[in-house]
(Lines of atoms letter the chains of each structure in order from A; the text may use other names.)
(Lines give C-alpha, C1' and ligand atoms only; values in the text may rest on other atoms or scores of the structure.)
Protein backbone atom coordinates (compact mmCIF):
# COMPACT_ATOMS: atom_id res chain seq x y z
CA UNK A 2 0.00 0.00 0.00
CA UNK A 3 1.28 3.45 -0.92
CA UNK A 4 0.87 6.58 1.21
CA UNK A 5 1.02 10.11 -0.18
CA UNK A 6 2.55 12.96 1.79
CA UNK A 7 3.20 16.69 1.53
CA UNK A 8 6.06 18.59 3.22
CA UNK A 9 5.32 22.08 4.56
CA UNK A 10 8.42 23.98 5.66
CA UNK A 11 9.54 27.59 5.30
CA UNK A 12 13.17 26.47 5.12
CA UNK A 13 14.32 24.67 1.98
CA UNK A 14 17.20 22.97 3.78
CA UNK A 15 14.93 21.57 6.49
CA UNK A 16 12.48 20.37 3.87
CA UNK A 17 15.30 18.53 2.10
CA UNK A 18 16.24 16.84 5.39
CA UNK A 19 12.66 15.64 5.86
CA UNK A 20 12.59 14.26 2.32
CA UNK A 21 15.85 12.39 2.95
CA UNK A 22 14.35 10.74 6.03
CA UNK A 23 11.34 9.65 4.00
CA UNK A 24 13.44 8.35 1.11
CA UNK A 25 14.13 5.31 3.29
CA UNK A 26 10.45 4.31 3.11
CA UNK A 27 9.45 3.31 -0.44
CA UNK A 28 5.78 2.93 0.49
CA UNK A 29 5.61 6.70 1.13
CA UNK A 30 5.68 9.00 -1.89
CA UNK A 31 5.95 12.79 -1.99
CA UNK A 32 3.36 14.81 -3.88
CA UNK A 33 5.03 18.13 -3.23
CA UNK A 34 6.95 20.55 -1.04
CA UNK A 35 5.60 24.01 -0.19
CA UNK A 36 7.18 26.86 1.74
CA UNK A 37 4.25 29.06 2.81
CA UNK A 38 1.05 28.37 4.72
CA UNK A 39 -1.20 29.70 1.97
CA UNK A 40 0.51 27.50 -0.62
CA UNK A 41 0.10 24.56 1.77
CA UNK A 42 -3.66 25.08 1.97
CA UNK A 43 -3.96 25.30 -1.81
CA UNK A 44 -1.76 22.24 -2.37
CA UNK A 45 -3.65 20.11 0.17
CA UNK A 46 -7.00 21.00 -1.39
CA UNK A 47 -5.60 20.26 -4.85
CA UNK A 48 -3.79 16.98 -4.20
CA UNK A 49 -5.50 15.62 -1.04
CA UNK A 50 -2.45 13.94 0.54
CA UNK A 51 -2.95 11.34 3.25
CA UNK A 52 -0.18 12.78 5.42
CA UNK A 53 1.27 16.27 5.92
CA UNK A 54 4.60 17.00 7.60
CA UNK A 55 4.26 20.47 9.09
CA UNK A 56 7.47 22.08 10.35
CA UNK A 57 7.17 24.79 13.01
CA UNK A 58 10.15 27.05 13.61
CA UNK A 59 10.38 28.57 17.09
CA UNK A 60 12.24 31.54 15.60
CA UNK A 61 9.36 32.36 13.28
CA UNK A 62 7.37 35.48 14.14
CA UNK A 63 4.10 33.90 13.02
CA UNK A 64 1.30 34.12 15.58
CA UNK A 65 -0.57 31.33 13.85
CA UNK A 66 1.66 28.24 13.60
CA UNK A 67 -1.40 26.09 12.91
CA UNK A 68 -2.96 28.38 10.34
CA UNK A 69 -2.94 25.59 7.76
CA UNK A 70 -5.17 23.36 9.88
CA UNK A 71 -7.66 26.04 10.91
CA UNK A 72 -7.88 27.34 7.35
CA UNK A 73 -8.55 23.88 5.91
CA UNK A 74 -11.60 23.47 8.14
CA UNK A 75 -13.20 26.30 6.17
CA UNK A 76 -13.30 24.09 3.10
CA UNK A 77 -13.26 20.41 4.08
CA UNK A 78 -14.52 18.28 6.96
CA UNK A 79 -11.95 15.49 6.80
CA UNK A 80 -8.34 16.63 6.99
CA UNK A 81 -5.18 14.65 6.23
CA UNK A 82 -3.09 13.38 9.12
CA UNK A 83 -0.64 16.01 10.36
CA UNK A 84 2.77 15.23 11.86
CA UNK A 85 4.38 18.29 13.39
CA UNK A 86 8.18 18.66 13.34
CA UNK A 87 9.39 21.30 15.79
CA UNK A 88 12.61 22.31 17.51
CA UNK A 89 10.83 22.81 20.84
CA UNK A 90 8.03 21.26 22.88
CA UNK A 91 6.42 24.69 23.32
CA UNK A 92 3.88 24.05 20.58
CA UNK A 93 2.85 20.58 21.77
CA UNK A 94 -0.26 21.70 23.66
CA UNK A 95 -1.49 23.76 20.72
CA UNK A 96 -0.78 20.82 18.44
CA UNK A 97 -2.97 18.56 20.55
CA UNK A 98 -5.76 21.15 20.54
CA UNK A 99 -5.60 21.24 16.76
CA UNK A 100 -5.82 17.46 16.52
CA UNK A 101 -2.43 16.68 15.00
CA UNK A 102 -1.61 12.99 14.69
CA UNK A 103 1.92 13.16 16.11
CA UNK A 104 4.54 15.62 17.31
CA UNK A 105 8.28 15.08 16.91
CA UNK A 106 10.85 17.35 18.48
CA UNK A 107 13.99 17.89 16.41
CA UNK A 108 16.54 16.49 16.40
CA UNK A 109 14.71 13.18 16.61
CA UNK A 110 16.11 9.66 16.41
CA UNK A 111 15.56 7.16 13.65
CA UNK A 112 13.52 4.83 15.93
CA UNK A 113 11.24 7.73 16.91
CA UNK A 114 10.62 8.58 13.25
CA UNK A 115 10.01 4.96 12.29
CA UNK A 116 7.57 4.48 15.17
CA UNK A 117 5.70 7.60 14.10
CA UNK A 118 5.28 6.30 10.54
CA UNK A 119 4.14 2.89 11.71
CA UNK A 120 1.60 4.40 14.07
CA UNK A 121 0.27 6.27 11.06
CA UNK A 122 0.18 3.12 8.93
CA UNK A 123 -1.55 1.21 11.69
CA UNK A 124 -4.11 3.99 12.08
CA UNK A 125 -4.84 4.00 8.35
CA UNK A 126 -4.59 0.27 7.69
CA UNK A 127 -5.97 -1.72 10.61
CA UNK A 128 -9.31 0.03 11.19
CA UNK A 129 -10.46 -1.05 7.76
CA UNK A 130 -9.77 -4.67 8.68
CA UNK A 131 -11.56 -4.34 12.01
CA UNK A 132 -14.65 -2.68 10.55
CA UNK A 133 -16.40 -5.55 8.80
CA UNK A 134 -19.03 -3.28 7.23
CA UNK A 135 -16.58 -1.00 5.46
CA UNK A 136 -14.02 -3.52 4.18
CA UNK A 137 -14.43 -5.18 0.80
CA UNK A 138 -14.55 -8.99 0.70
CA UNK A 139 -11.20 -10.59 -0.05
CA UNK A 140 -12.08 -12.81 -2.98
CA UNK A 141 -8.87 -13.63 -4.80
CA UNK A 142 -5.67 -15.36 -3.79
CA UNK A 143 -3.76 -12.26 -4.89
CA UNK A 144 -5.77 -10.07 -2.50
CA UNK A 145 -5.25 -12.55 0.34
CA UNK A 146 -1.51 -12.70 -0.36
CA UNK A 147 -1.28 -8.89 -0.49
CA UNK A 148 -3.01 -8.61 2.88
CA UNK A 149 -0.75 -11.22 4.47
CA UNK A 150 2.33 -9.47 3.06
CA UNK A 151 1.15 -6.14 4.50
CA UNK A 152 0.66 -7.74 7.91
CA UNK A 153 4.06 -9.45 7.75
CA UNK A 154 5.80 -6.19 6.75
CA UNK A 155 4.15 -4.39 9.65
CA UNK A 156 5.24 -7.07 12.12
CA UNK A 157 8.78 -7.30 10.72
CA UNK A 158 9.41 -3.57 10.71
CA UNK A 159 7.92 -3.14 14.16
CA UNK A 160 10.30 -5.84 15.38
CA UNK A 161 13.25 -3.93 13.89
CA UNK A 162 12.26 -0.81 15.79
CA UNK A 163 11.92 -2.80 18.98
CA UNK A 164 15.48 -4.13 18.68
CA UNK A 165 16.80 -0.59 18.76
CA UNK A 166 14.70 0.30 21.81
CA UNK A 167 15.41 -2.55 24.20
CA UNK A 168 18.62 -0.95 25.51
CA UNK A 169 16.83 2.21 26.63
CA UNK A 170 17.01 2.92 30.34
CA UNK A 171 14.23 4.37 32.45
CA UNK A 172 14.60 6.28 35.70
CA UNK A 173 12.27 5.41 38.58
CA UNK A 174 12.30 8.17 41.17
CA UNK A 175 11.17 7.67 44.75
CA UNK A 176 11.68 10.85 46.76
CA UNK A 177 15.47 11.39 46.55
CA UNK A 178 16.21 7.89 45.29
CA UNK A 179 16.85 7.50 41.55
CA UNK A 180 16.92 3.96 40.19
CA UNK A 181 17.92 3.27 36.59
CA UNK A 182 16.73 0.09 34.91
CA UNK A 183 16.95 -1.21 31.35
CA UNK A 184 13.59 -1.68 29.68
CA UNK A 185 14.75 -5.12 28.54
CA UNK A 186 14.61 -6.20 32.20
CA UNK A 187 10.98 -5.14 32.76
CA UNK A 188 8.60 -8.10 32.44
CA UNK A 189 5.38 -6.27 33.28
CA UNK A 190 3.92 -3.27 35.08
CA UNK A 191 1.07 -3.41 37.57
CA UNK A 192 -1.16 -0.55 38.70
CA UNK A 193 -1.49 0.06 42.43
CA UNK A 194 -3.85 3.01 42.89
CA UNK A 195 -1.80 6.04 41.80
CA UNK A 196 1.51 4.21 41.75
CA UNK A 197 2.94 1.60 39.40
CA UNK A 198 4.93 -1.50 40.28
CA UNK A 199 7.68 -2.57 37.87
CA UNK A 200 8.22 -6.34 37.96
CA UNK A 201 11.71 -7.21 36.74
CA UNK A 202 13.12 -10.37 35.20
CA UNK A 203 15.28 -10.99 38.28
CA UNK A 204 12.18 -11.12 40.49
CA UNK A 205 12.59 -7.67 42.02
CA UNK A 206 9.75 -5.16 42.23
CA UNK A 207 10.21 -1.38 42.04
CA UNK A 208 7.50 1.17 42.76
CA UNK A 209 7.14 4.36 40.72
CA UNK A 210 4.99 7.27 41.83
CA UNK A 211 3.26 7.69 38.50
CA UNK A 212 0.11 6.12 37.11
CA UNK A 213 -0.05 3.19 34.72
CA UNK A 214 -1.64 5.53 32.17
CA UNK A 215 1.50 7.67 32.20
CA UNK A 216 3.66 4.68 31.29
CA UNK A 217 1.16 3.47 28.70
CA UNK A 218 1.66 6.76 26.86
CA UNK A 219 5.44 6.90 27.19
CA UNK A 220 6.88 3.38 26.98
CA UNK A 221 8.23 2.04 23.66
CA UNK A 222 6.09 0.09 21.22
CA UNK A 223 6.88 -3.39 22.58
CA UNK A 224 4.95 -2.62 25.79
CA UNK A 225 1.21 -3.28 25.56
CA UNK A 226 -1.58 -2.52 27.98
CA UNK A 227 -3.76 -5.63 28.21
CA UNK A 228 -5.80 -4.84 31.32
CA UNK A 229 -6.72 -1.85 33.48
CA UNK A 230 -4.06 -3.11 35.88
CA UNK A 231 -1.34 -4.49 33.58
CA UNK A 232 1.13 -3.50 30.89
CA UNK A 233 3.29 -6.33 29.55
CA UNK A 234 6.62 -6.44 27.75
CA UNK A 235 5.77 -8.43 24.62
CA UNK A 236 9.34 -9.76 24.46
CA UNK A 237 8.51 -11.89 27.52
CA UNK A 238 5.15 -13.21 26.29
CA UNK A 239 5.38 -17.01 26.08
CA UNK A 240 1.73 -18.04 25.89
CA UNK A 241 -1.72 -16.48 25.47
CA UNK A 242 -4.85 -18.40 26.49
CA UNK A 243 -7.85 -16.60 25.01
CA UNK A 244 -10.30 -19.00 26.66
CA UNK A 245 -9.09 -18.11 30.15
CA UNK A 246 -8.09 -14.54 29.19
CA UNK A 247 -4.59 -15.12 30.52
CA UNK A 248 -1.24 -13.90 29.24
CA UNK A 249 1.78 -15.92 30.34
CA UNK A 250 5.19 -14.31 30.71
CA UNK A 251 8.80 -15.32 31.26
CA UNK A 252 8.52 -18.94 30.05
CA UNK A 253 5.08 -19.36 31.66
CA UNK A 254 6.43 -18.52 35.12
CA UNK A 255 3.97 -15.61 35.46
CA UNK A 256 0.36 -15.20 34.34
CA UNK A 257 -1.67 -11.98 34.22
CA UNK A 258 -5.22 -11.40 33.07
CA UNK A 259 -6.23 -9.49 29.97
CA UNK A 260 -9.62 -7.89 29.35
CA UNK A 261 -11.90 -7.42 26.35
CA UNK A 262 -11.21 -3.69 26.46
CA UNK A 263 -7.63 -4.36 25.36
CA UNK A 264 -8.36 -7.30 23.05
CA UNK A 265 -6.87 -5.44 20.06
CA UNK A 266 -3.53 -5.12 21.87
CA UNK A 267 -3.51 -8.84 22.63
CA UNK A 268 -4.19 -9.63 18.97
CA UNK A 269 -1.38 -7.28 17.95
CA UNK A 270 1.02 -9.21 20.19
CA UNK A 271 -0.07 -12.48 18.57
CA UNK A 272 0.22 -10.92 15.11
CA UNK A 273 3.78 -9.81 15.77
CA UNK A 274 4.92 -13.11 17.24
CA UNK A 275 3.06 -15.47 14.91
CA UNK A 276 1.03 -13.63 12.21
CA UNK A 277 0.12 -16.89 10.45
CA UNK A 278 -2.21 -17.86 13.32
CA UNK A 279 -4.55 -14.86 12.98
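Numbering (our numbering), first residue to last: 2 to 279. Positions of the beta carbon are idealized from the N, C-alpha and C atoms, including for glycine.
Taking every protein chain shown into account, the CB of residue 10 has 16 or more other CB atoms within 10 angstroms, so this residue is buried. DSSP, read as helix, strand or coil, puts residue 40 in helix. Within the same chain, 118 come within 8 Å of residue 26 by CB-CB distance, once the 5 residues on both sides are set aside.
Proximity of the region 20-35 to the region 63-82 falls short of the contact definition, fewer than three beta-carbon pairs being nearer than 8 Å. Of all C-beta pairs linking the region 189-199 to the region 231-243, three or more are shorter than 8 Å, placing the two stretches in contact. The beta carbons of residue 197 and residue 211 sit about 6 Å from each other, so the pair counts as a contact at 8 Å.
Residue nearest to residue 186 within the set 177, 268, 169 is 169 (criterion: CA-CA distance). The secondary-structure analysis by DSSP pairs residue 231 across a beta bridge with 191, 228. Between residue 92 and residue 105, the C-beta spacing is not below 8 Å. Annotated three-state conformation of residue 186 is helix, per DSSP. CA-to-CA, the gap between residue 199 and residue 40 works out to about 49 Å.
Residue 224 and residue 16 have their C-alpha atoms some 33 Å from each other. Among the bridge pairs identified by DSSP, residue 86 is matched with 56, 105. A residue is called buried once 16 or more other Cβ atoms fall within 10 Å of its Cβ, and residue 87 is buried on that count. Residues 28, 29, 30 of the same chain have their beta carbon placed closer than 8 Å to that of residue 3, with the five preceding and five following residues left out of the count.
Taking all protein chains shown into account, residue 110 has fewer than 16 neighbouring C-beta atoms within 10 Å of its C-beta and is therefore exposed. In the DSSP assignment, residue 240 is bridged to 249.
DSSP links residue 200 through a beta bridge to 189, 206.
The alpha-carbon of residue 120 is positioned some 14 Å away from that of residue 219.
For residue 33, the enclosing beta strand (DSSP E) begins and ends at 29-35. In the displayed model, residue 259 falls within coil according to three-state DSSP, outside both helix and strand. Of the residues assessed, residue 181 falls on the exposed side of the cut-off, its CB having fewer than 16 other CB atoms within 10 angstroms. Per DSSP, reduced to three states, the secondary structure at residue 111 is helical.
In this chain, residue 49 is not harboured by any beta strand (DSSP E), its DSSP state being neither H nor E. Using a Cβ distance threshold of 8 Å, residue 258 and residue 247 count as a contacting pair. DSSP places residue 178 in the strand class (E or B) of the three-state scheme.
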